[in-house]
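Colleague: Numbering (our numbering), first residue to last: 18 to 230.
The structure that follows is given in the form of structure tokens.
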Amino acid sequence: MHFISEALDEYVVAHSENEPDLLKALTRETYQKVLQPRMLSGHYQGRVLSMLSKIIAPKTILEIGTYTGYSALCLAEGMQKDGALHTIDINEELHDFQRKYFDASPYGDQMHQYTGDALEIIPTLDTKFDLVFIDADKPNYPAYFHAIIKKMHPKGVILSDNVLWSGKVIEPVHDRDISTRALLKYNSLLKKDPRVETVLLPIRDGLTISRVL
Ligand code: SAH
Ligand code: CA
18 MHFISEALDE
28 YVVAHSENEP
38 DLLKALTRET
48 YQKVLQPRML
58 SGHYQGRVLS
68 MLSKIIAPKT
78 ILEIGTYTGY
88 SALCLAEGMQ
98 KDGALHTIDI
108 NEELHDFQRK
118 YFDASPYGDQ
128 MHQYTGDALE
138 IIPTLDTKFD
148 LVFIDADKPN
158 YPAYFHAIIK
168 KMHPKGVILS
178 DNVLWSGKVI
188 EPVHDRDIST
198 RALLKYNSLL
208 KKDPRVETVL
218 LPIRDGLTIS
228 RVL
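Take a look at the structure:
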């Protein structure tokens with residue numbers, strides 16, 4: 018879904034950084050071989066993630082929801098030379114695909130993959146994070162926030178994706194739509210929690226930036 022006109026969207030992309038060749042190849046192979054390729058961040062959002070990461074210059078990054086590794090590679094572009102990116106996905110079939118592209122990038126050794134339920138893996142990570150990207154299953158967003166907030170460095174940044182959920186957050190919610198319900202709860206939680214400062218940006222499907230105080 019486009020929140021701005023397609024013509025304006027094209028103009029925005031045309032006046033933003035180009036997509037690196039490795040990410041173009043990753044996108045092509047994702048569309049050929051993997052289910053639900055639209056989950057991948059893509060050119061424009063990828064450049065936004067890369068830019069934010071470069072501004073933050075994190076030493077430690079956590080990603081919840083790797084999929085085929087697109088957003089992980091964008092976030093890695095801004096990580097410090099001796100930094101590490103930890104990324105979790107529940108789908109073990111994606112592991113080798115991710116590794117192939119991580120190793121083709123300059124950051125292969127700094128990319129740490131975890132396979133399993135993020136809520137089980139996060140408590141086992143003995144690291145504090147400068148940057149976290151939340152992009153896995155939407156019903157768990159509030160739980161992800163509670164799991165990571167204790168593991169953030171002061172002034173760390175939490176990015177949350179798909180927070181507008183194709184606009185469903187302002188429509189009447191169906192009883193069984195647990196994703197929309199969770200996102201409504203999550204967006205209020207970020208606004209109210211005194212431990213973070215939050216702005217919701219209407220980028221693509223909604224991207225929230227929360228800065229830990
Ligand atoms: N961040 C990626 C897209 C992620 S799509 C990008 O922008 O390119 C969401 C991913 O979350 C899927 O790959 C799915 O397998 C994963 N996921 C769903 N539930 C999960 C869970 N409980 N723990 C970890 N990963 C999960
Ligand atoms: Ca997403």
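Even for Gly, the Cβ is constructed at its ideal location relative to N, Cα and C.
1. Taking contact to mean at least 3 C-beta pairs separated by less than 8 Å, is the segment 47–61 in contact with the segment 128–136?
2. Mapping the DSSP letters down to three states, classify VAL186 as helix, strand or coil.
3. Thinking LYS185 and THR197 are a contact (beta carbons under 8 Å), I'd like their distance in whole angstroms, please.
4. Does DSSP put ILE165 in a helix, in a strand, or in coil?
5. Can LEU6 and LEU102 be called in contact, C-beta distance under 8 Å?
6. Which residues does DSSP list as the beta-bridge partners of GLU80?
7. In this structure, what does DSSP give as the bridge partners for SER177?
8. Check whether the segment 142–149 and the segment 27–47 touch, using three or more Cβ-Cβ pairs below 8 Å as the test.
9. What span of residues does the alpha helix (DSSP H) with TYR48 cover, start to end?
10. Hey, how far is the Cα of ILE138 from the Cα of THR225?
11. Over what stretch of residues does the beta strand (DSSP E) that includes GLU214 continue unbroken?
12. Please go through the same chain and pick out, in chain order, the residues whose beta-carbon is closer than 6 Å to the beta-carbon of ILE175, but skip the five residues on each side of it.
13. Quick check on DSSP: helix, strand or coil for LYS117?
14. Mapping DSSP to helix, strand and coil, what is HIS19?
15. Could you give the distance in angstroms between the alpha-carbon of GLU109 and the alpha-carbon of VAL216?
16. Quick check: the Cα distance between LYS117 and GLN49, rounded to an integer number of angstroms?
17. Let me confirm a value: PRO75 is counted as buried when at least 16 other C-beta atoms fall within 10 Å, else exposed. Which label applies?
18. Going by other Cβ atoms of all chains shown within 10 Å of its Cβ, with 16 needed for buried, is ILE72 buried or exposed?
19. Closer than 7 Å to a non-hydrogen atom of ligand 2 - does that hold for the CB of ASP38?
20. Flag ASN179 as yes when its Cβ comes closer than 7 Å to any non-hydrogen atom of ligand 2, and as no otherwise.
Modeller: Taking the coordinates as given:
1. Here the segment 47–61 does not lie against the segment 128–136, with fewer than 3 beta-carbon pairs under 8 Å apart.
2. Three-state result, VAL186: helix.
3. The C-beta distance from LYS185 to THR197 rounds to 5 Å, short enough to meet the 8 Å contact threshold.
4. In the structure shown, ILE165 falls within a helical segment according to DSSP collapsed to helix, strand and coil.
5. Given a span of 18 to 230 for the chain in the structure shown, any question on residue 6 remains unanswerable.
6. Note: GLU80 is bridge-paired with THR104 and PHE150 in the DSSP secondary-structure output.
7. ILE151 and THR225.
8. Too few Cβ pairs lie closer than 8 Å, so no.
9. 38–50 is the extent of the alpha helix (DSSP H) around TYR48.
10. Approximately 23 Å, taken between the alpha carbons.
11. It spans 213–218 - the beta strand (DSSP E) in which GLU214 sits, taken as one unbroken run.
12. Excluding positions up to five away in sequence, the list reads VAL149 and SER227.
13. DSSP, reduced to helix, strand and coil, places LYS117 within a helical segment of the structure shown.
14. Coil, per DSSP.
15. So the two alpha carbons sit approximately 33 Å from each other.
16. Each residue's CA atom was taken as its position, placing LYS117 and GLN49 some 15 Å apart.
17. The residue in question, PRO75, is buried, as its Cβ has 16 or more Cβ neighbours within 10 Å.
18. Result: exposed.
19. Not under cutoff, so the answer is no.
20. Within the cutoff, so yes.
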